[in-house]
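So the protein lines, in turn, are chains A, B, C, D, E and F.
Residue numbers for the first sequence follow our numbering, so the first one is 1 and each next one is one higher.
Residue numbers for the second sequence follow our numbering, so the first one is 181 and each next one is one higher.
Residue numbers for the third sequence follow our numbering, so the first one is 361 and each next one is one higher.
Residue numbers for the fourth sequence follow our numbering, so the first one is 541 and each next one is one higher.
Residue numbers for the fifth sequence follow our numbering, so the first one is 721 and each next one is one higher.
Residue numbers for the sixth sequence follow our numbering, so the first one is 901 and each next one is one higher.
Every residue gets a Cβ at the ideal spot worked out from N, C-alpha and C, and that includes glycine.
Every value quoted in this text rests on a predicted model; they were computed, and no experiment measured them.
Structure, as structure tokens:
Number of protein chains: 6
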Amino acid sequence: MTALDVHRAAMVGRFQPIHKGHLKAMLDILAHFDELVVVLGSAQLSHELDNPFTAGERMVMIRLALSHAGIGPDRYWIVPVPDAPMHTVWVPMVLAYCPRFKVVFSNEPLTKRLFEEAGFEVRPIPFFERHLYSATEVRRRMLSGEPWEELVPEPVAEYIKAIGGVERLRALAKTDKVVR
Amino acid sequence: MTALDVHRAAMVGRFQPIHKGHLKAMLDILAHFDELVVVLGSAQLSHELDNPFTAGERMVMIRLALSHAGIGPDRYWIVPVPDAPMHTVWVPMVLAYCPRFKVVFSNEPLTKRLFEEAGFEVRPIPFFERHLYSATEVRRRMLSGEPWEELVPEPVAEYIKAIGGVERLRALAKTDKVVR
Amino acid sequence: MTALDVHRAAMVGRFQPIHKGHLKAMLDILAHFDELVVVLGSAQLSHELDNPFTAGERMVMIRLALSHAGIGPDRYWIVPVPDAPMHTVWVPMVLAYCPRFKVVFSNEPLTKRLFEEAGFEVRPIPFFERHLYSATEVRRRMLSGEPWEELVPEPVAEYIKAIGGVERLRALAKTDKVVR
Amino acid sequence: MTALDVHRAAMVGRFQPIHKGHLKAMLDILAHFDELVVVLGSAQLSHELDNPFTAGERMVMIRLALSHAGIGPDRYWIVPVPDAPMHTVWVPMVLAYCPRFKVVFSNEPLTKRLFEEAGFEVRPIPFFERHLYSATEVRRRMLSGEPWEELVPEPVAEYIKAIGGVERLRALAKTDKVVR
Amino acid sequence: MTALDVHRAAMVGRFQPIHKGHLKAMLDILAHFDELVVVLGSAQLSHELDNPFTAGERMVMIRLALSHAGIGPDRYWIVPVPDAPMHTVWVPMVLAYCPRFKVVFSNEPLTKRLFEEAGFEVRPIPFFERHLYSATEVRRRMLSGEPWEELVPEPVAEYIKAIGGVERLRALAKTDKVVR
Amino acid sequence: MTALDVHRAAMVGRFQPIHKGHLKAMLDILAHFDELVVVLGSAQLSHELDNPFTAGERMVMIRLALSHAGIGPDRYWIVPVPDAPMHTVWVPMVLAYCPRFKVVFSNEPLTKRLFEEAGFEVRPIPFFERHLYSATEVRRRMLSGEPWEELVPEPVAEYIKAIGGVERLRALAKTDKVVR
Chain A
1 MTALDVHRAA MVGRFQPIHK GHLKAMLDIL AHFDELVVVL GSAQLSHELD
51 NPFTAGERMV MIRLALSHAG IGPDRYWIVP VPDAPMHTVW VPMVLAYCPR
101 FKVVFSNEPL TKRLFEEAGF EVRPIPFFER HLYSATEVRR RMLSGEPWEE
151 LVPEPVAEYI KAIGGVERLR ALAKTDKVVR
Chain B
181 MTALDVHRAA MVGRFQPIHK GHLKAMLDIL AHFDELVVVL GSAQLSHELD
231 NPFTAGERMV MIRLALSHAG IGPDRYWIVP VPDAPMHTVW VPMVLAYCPR
281 FKVVFSNEPL TKRLFEEAGF EVRPIPFFER HLYSATEVRR RMLSGEPWEE
331 LVPEPVAEYI KAIGGVERLR ALAKTDKVVR
Chain C
361 MTALDVHRAA MVGRFQPIHK GHLKAMLDIL AHFDELVVVL GSAQLSHELD
411 NPFTAGERMV MIRLALSHAG IGPDRYWIVP VPDAPMHTVW VPMVLAYCPR
461 FKVVFSNEPL TKRLFEEAGF EVRPIPFFER HLYSATEVRR RMLSGEPWEE
511 LVPEPVAEYI KAIGGVERLR ALAKTDKVVR
Chain D
541 MTALDVHRAA MVGRFQPIHK GHLKAMLDIL AHFDELVVVL GSAQLSHELD
591 NPFTAGERMV MIRLALSHAG IGPDRYWIVP VPDAPMHTVW VPMVLAYCPR
641 FKVVFSNEPL TKRLFEEAGF EVRPIPFFER HLYSATEVRR RMLSGEPWEE
691 LVPEPVAEYI KAIGGVERLR ALAKTDKVVR
Chain E
721 MTALDVHRAA MVGRFQPIHK GHLKAMLDIL AHFDELVVVL GSAQLSHELD
771 NPFTAGERMV MIRLALSHAG IGPDRYWIVP VPDAPMHTVW VPMVLAYCPR
821 FKVVFSNEPL TKRLFEEAGF EVRPIPFFER HLYSATEVRR RMLSGEPWEE
871 LVPEPVAEYI KAIGGVERLR ALAKTDKVVR
Chain F
901 MTALDVHRAA MVGRFQPIHK GHLKAMLDIL AHFDELVVVL GSAQLSHELD
951 NPFTAGERMV MIRLALSHAG IGPDRYWIVP VPDAPMHTVW VPMVLAYCPR
1001 FKVVFSNEPL TKRLFEEAGF EVRPIPFFER HLYSATEVRR RMLSGEPWEE
1051 LVPEPVAEYI KAIGGVERLR ALAKTDKVVR
């Protein structure tokens, strides 16, 4: 098998932060594909209530989560991709940043539509207990002081604590500034 | 050891394409550090005479080269980083995109200076036979029809051929267009 | 009469999509000016709930609408103009993209103000039954499944159906992503 | 004392427009530091309801306010800085645009956090009667026709009237356009 | 025939300015296609030695040239497209700005390559006496004071004189500033 | 006299670094105008061979030079302005960043032309011994080790030494990277 024959699928997300729902979906995809391309979207964003973590921090968390689940980095790629200036150029931008893939997993309506218009097969991510395992819920709990650790893989929780992630999120709680 | 204790070094380059000199330097660094962060600079550039390959293609080539040398992706990170709008924000942009590192390897004067002004330890890359093992020389040979394959790791040469890389470079040979 | 003597007026809008109110205003303007410059604003936007159509699709719709009303393209120009990074440079950007004009028709407060500060004569667009003939109403009906076709010129309705425009809008209905 | 030894503090704001609360804070800071660097944030914004004035107009107002209070421009710098494309590069961008400073005064959560992560000492601005002396309140009164002049230094009120500032704000009142 | 069935070809250029070689090629294409899409590249550039004219001025010149040759604007579209931030997103950007087309005419190596990689049929432009009929030659003659008028269609020469185009080019002759 | 009646002139430059020729021109202008607006162009550039100093460093140098000549900052404004994405929007961008002025002093062909097309009076800067007093010559001498200090006002030379400016320029001497 050569480098061009690898059967890859992509999963697109912001992973702010990666949670157990993301991880389960990744494992499901890896059961059917040689390699997974994790497209780390909105890579340029951080220090916002909806986007607290940098791309570098999110990359570390994704590797920690997958290693914890027994998946080595030879089975996947993590590719930070900044936002595009036009929706119509986002897919070609992703393609230029990533190793080639054939199938895309996404539940986000715009992502699905753009990849479909570009001729890709897009499959839904069968998220497990989505109301619970969502990054929005993780951030909400972090802000309110409720237990959030159970929603993310254990080493991800440790890492977030080690970098002062909850403190950062709370420090930002009152700002209304967003990058535009 | 936790995720924060990892002893990482970064190596910055455009890797257009990765050659044996790059690979030797990576192996040298990996002999002294836990992990290597390969900062894939000018990630947005491709389809230029000096920058023929996309970030995705360069990522694949780097993994092929390191795997061929017996280094698994658990020992390194490849992080595509687009150019910055101001030189003074390039280092903080790299830091936001990458896992944390403590030492930077570079021979490029601007890269060295910017990291030094930011307080980093910067060490030179002891390139082996630099007149020979340079990406400029690889691209020159591709254009002129001279043998270039010996300058890059074997699976990189195969991959470049499989994606029609030499043909692309030659097709671009007469353009004078650059992104600005 | 030379090319510089042409008496032109400009009408600014996003035309997402062009409707019968737009068309009536264009015909009114063309009754008093030699040529109309249709400034197709936010040209880079598409695939959003408020901006579903690409600039190219909007150009085709505008020509279809005007041809249907008996106006040939020798009477007007359609000029796609992307958004500006600062409001104060938007008027000079429009001027650089367009054939010269002397009068601007607009009801949008910012557009009016910016052209007035630049010394232009700005006149209101006497929209006919504005609550009905508005692009917002057209998109609302498309989403809710109500009849929208009667609000746009007949060939525009046909074109939107032919390119799957309603399907696209509905596919985007649940996203909250915007270009920023 | 050389140019490098000057003891400077920075105060960050948009100053849309400068009001008596801002001015009082500036005087407080100048009582303890040699020089004040007024970082005029979001310099590219104007002609919006929340950002009606251009950077040039805001610079004039700040100098008028400080001169009126007996502070000559040899005690401060006004530095217009446009928004950054990523929050993580905003502090280094400010540093590149400004004379060096050691302490930052700000109450804005994101500004505080970003400067703290960059290793700066950040102190709160002890605003006097904040519900009253706020730029939001000034703009609200301008729009509603209530007396706003008492909230800003006298020459600032005169200047705003001379440039037709209130008229501009009201002209923009119905737009929903923002730069993005 | 519906709007979607139109058989269109695109011709890509900067048209700084349009000359008789361009015009002849357009007429050749129009002999075989229903409509021509004139992609006005680098639309944002003007006031440079290699790019003296604005997009609006270039649009007027193209219509003047085609009208002079008996071709009405119902047979073509002129679409100004600004440069892309990455070569790999330029083709999708052009596609979003333009009415759909199936064939591209270009002699520029990068343009050809990018459209070919996107799956388009690209055909060469059989330029007539290219050493003579080139925009570079027109600009060279304008600068040196040699007769340039014979290289462009008659109304284009008149228009350039009417807007003071030669004077502008000469005024820029000593600058070394380019947009970047 | 009110703030709107001030008779101001602008002088545009990059001031990399300010030299005695610049200073003499500033003094000449200030002999005829109430206030001078120093437009600090290409504010975003630094760490390049042709643009070694940051906007903040250049602001400090300009104030040092003028203070040394007995001119206090109540007579002038220093306004850093980043480059524009289109030449045609550069003048309006400068106008938005600066206090209003009526006359522009410049010898740079593009700057002159753009301000003239915008309706401004542009006057030449009568530089004194231009071959000697030029920023290019200052940087050339810094690189070659020749005495450069005599070309700049004394406190500017001291400041450049204090911030390690010559060392920075030499460190960059071998790079070929520019922001684009």
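query = Taking Cβ to Cβ, would you say B:H248 is nearer than 8 Å to B:P335?
reply = With contacts defined as CB atoms closer than 8 Å, B:H248 and B:P335 qualify as a contacting pair.
task = Could you name the residues of the same chain whose beta carbon sits closer than 8 Å to that of D:E669, not counting the 5 residues immediately before and after it, in chain order?
result = Cβ within range, chain order: G561.
inquiry  = To the nearest angstrom, how far is the alpha carbon of C:V399 from that of C:R483?
reply    = Rounded to whole angstroms, C:V399 to C:R483 spans 15 Å at the Cα level.
key: Test item: CB-CB of C:A369 and C:I485 under 8 Å   = Their beta carbons are not under 8 Å apart, which means C:A369 does not touch C:I485 by this criterion.
key: Other residues of its chain near F:G941: CB distance less than 7 Å, five sequence neighbours each side excluded   = If we look at F:G941 and ignore the five residues flanking it on each side, its Cβ neighbours are V912, G913, R914 and V981.
query = Would D:P592 count as contacting chain F if we go by Cβ distances under 8 Å?
reply = Under the Cβ criterion of 8 Å, D:P592 is not counted among the residues facing chain F.
message = By alpha-carbon positions, which one of C:L405, C:F475, C:E527 and C:G525 ends up nearest to C:D443?
response = Between C:D443 and the set C:L405, C:F475, C:E527 and C:G525, the nearest pair of CA atoms involves C:L405.
task = May I have a chain-ordered list of the alpha helix (DSSP H) segments no shorter than 4 residues that lie completely inside the segment 384-444 of chain C?
result = List check, alpha helix (DSSP H) in window: 415-428.
ask   = From the beta carbon of B:S324, is the nearest beta carbon of chain A less than 8 Å away?
value = Contact with chain A is absent for B:S324, since none of that chain's Cβ atoms lies less than 8 Å from the residue's Cβ.
key: 8 Å contact criterion, which D:A583 and F:Y997 should meet: CB distance rounded   = Confirmed, about 7 Å.
message = Measuring straight from C-alpha to C-alpha, what distance separates B:P265 and E:L834?
response = Each residue's alpha carbon lies about 25 Å from the other.
query = How close, in whole Å, do the beta carbons of E:F840 and E:N827 come, if the pair is a contact with beta carbons under 8 Å?
reply = Beta-carbon to beta-carbon, E:F840 and E:N827 are separated by about 15 Å, too far to satisfy the 8 Å threshold.
query = Using 8 Å as the limit for Cβ to Cβ distance, is A:V89 near chain E?
reply = So, interface residue.
task = Let me know the secondary structure DSSP gives D:A711 once reduced to three states.
result = For D:A711, the three-state secondary structure derived from DSSP is helix.
key: Neighbourhood of B:E329 by C-beta, 6 Å cutoff - its chain only, sequence neighbours within 5 removed   = In its chain, beyond the 5 residues on either side, A337 have a beta carbon closer than 6 Å to the beta carbon of B:E329.
task = Could you tell me which residues DSSP pairs with B:E301 in its beta bridges?
result = Assignment of beta-bridge partners to B:E301 by DSSP yields B:V283.
message = Taking 8 Å as the threshold (beta carbon to beta carbon), is F:A1071 in contact with chain B?
response = Yes, F:A1071 lies at the interface with chain B (some Cβ there is under 8 Å from its Cβ).
task = Out of D:V634, D:E686 and D:F645, point me to the one whose CA is closest to D:I569's CA.
result = For D:I569, the closest C-alpha among the options D:V634, D:E686 and D:F645 is that of D:F645.
key: Continuous beta strand (DSSP E) stretch holding A:R8: start and end   = Taken as a continuous stretch (DSSP letters only), the beta strand (DSSP E) holding A:R8 covers R8 to G13.
ask   = So which residues of chain C does E:M779 contact, with C-beta pairs closer than 9 Å?
value = Residues of chain C whose Cβ lies closer than 9 Å to the Cβ of E:M779 are, in chain order, W437, V439, Y457, C458 and P459.
request  = State buried or exposed for E:P867, treating a residue as buried only when at least 16 other CB atoms are found within 10 Å of its CB.
outcome  = Per the 10 Å Cβ criterion, exposed.
request  = Identify each residue in the segment 822-842 of chain E for which the Cβ-Cβ distance to at least one residue of chain F is less than 9 Å, and report them in chain order.
outcome  = Close to chain F, meaning a Cβ-Cβ distance shorter than 9 Å, is no residue of the segment 822-842 of chain E at all.
request  = Please say whether F:P999 and F:R958 have beta carbons closer to each other than 8 Å?
outcome  = A distance of 8 Å or more separates the beta carbons of F:R958 and F:P999.
Chain-order list of residues whose beta-carbon lies under 7 Å from that of C:V454 (same chain, five-residue window excluded) = If we look at C:V454 and ignore the five residues flanking it on each side, its Cβ neighbours are V399 and V441.
message = Please state whether the Cβ-Cβ distance between A:L64 and A:Y159 is less than 8 Å.
response = Taking 8 Å as the cut-off, the beta carbon of A:L64 is found closer than this to the beta carbon of A:Y159.
request  = Report yes or no: is there a C-beta of chain C within less than 8 Å of the C-beta of F:M901?
outcome  = Because F:M901 sits at a pLDDT of 48, beneath the cut-off of 50, its placement in the model cannot be relied upon, and the following sentence gives the value as read from the coordinates. False, the Cβ-Cβ gap to chain C never drops below 8 Å.
Through-space distance from B:M241 to A:M1, alpha-carbon basis = Note that A:M1 scores 48 on pLDDT, short of 50, meaning its location in the model is unreliable; the coordinates nonetheless yield the value given after this. Computed Cα separation, rounded: 15 Å.
query = Using DSSP with H/G/I as helix, E/B as strand and the rest coil, what is F:M901?
reply = Its pLDDT being 48, under 50, F:M901 is placed unreliably by the model, and nothing is read from it.
task = At 8 Å on the CB atoms, spell out the chain B contacts of D:P613, in chain order.
result = The contacting residues do not exist; D:P613 stays about 26 Å from chain B at best.
message = I need the straight-line Cα distance from A:R140 to A:L151, nearest angstrom please.
response = Here the alpha carbon of A:R140 sits roughly 12 Å from the alpha carbon of A:L151.
ask   = In chain E, what lies closer than 8 Å to A:P85 by C-beta?
value = Near A:P85 (Cβ distances below 8 Å), the residues of chain E are P805.
key: Partner residues on chain E for A:P92, Cβ-Cβ distance less than 8 Å   = Using a Cβ-Cβ cut-off of 8 Å, A:P92 is close to T808, V809, V811 and P812 of chain E, given in chain order.
request  = Please work out which residues of its chain come closer than 8 Å, Cβ to Cβ, to D:H547, disregarding the five sequence neighbours upstream and downstream, and give them in chain order.
outcome  = Non-local beta-carbon contacts of D:H547 in its own chain, meaning distances under 8 Å to residues more than five positions away in sequence, involve F573, D574, E575 and K642 in chain order.
message = Could you compute how far the alpha carbon of B:R364 sits from the alpha carbon of B:P232?
response = Outside the shown range of chain B, which is 181 to 360, sits residue 364 of chain B, and nothing can be said about it.
key: Segment limits, alpha helix (DSSP H) that includes B:Y313   = Element bounds for B:Y313: n/a, residue is neither H nor E.
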